[in-house]
């Protein structure tokens, strides 16, 4: 991010909400939530070509927690598997 302060220690952080499972059209790569898929086919493909394509891949949410530094705007990702074990 362009507004990160050099030397920021990221002491003022906010937890970012996790994204749930999403669907991605295998043709045009539009990504949307399952509940946004109202008619069962890709709205982008339908609008562009009139084709009712329903071939989607499921994209699961990451197993990581993300935070944003409120002081500099940096996004900090924490993955439990990468944590030091002591």
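Residue numbers (this note's numbering): 1 to 86. Ideal Cβ placement from N, Cα and C applies to all residues, glycine included.
Is the distance from the Cβ of residue i to the Cβ of residue j below 8 Å?
i          : j          : result
residue 68 : residue 75 : yes
residue 21 : residue 34 : yes
For the beta strand (DSSP E) that contains residue i, what are its first and last residues?
i          : result
residue 77 : 75-79
residue 15 : 13-15
Original post:
Pairing CB atoms from the stretch 9-16 with CB atoms from the stretch 35-54, are three or more of them under 8 Å?
Top reply: Short answer: they don't touch.
Subject >> Secondary structure, beta strand (DSSP E): runs of 3+ residues fully inside the stretch 24-67 >> reply: 31-33, 56-59
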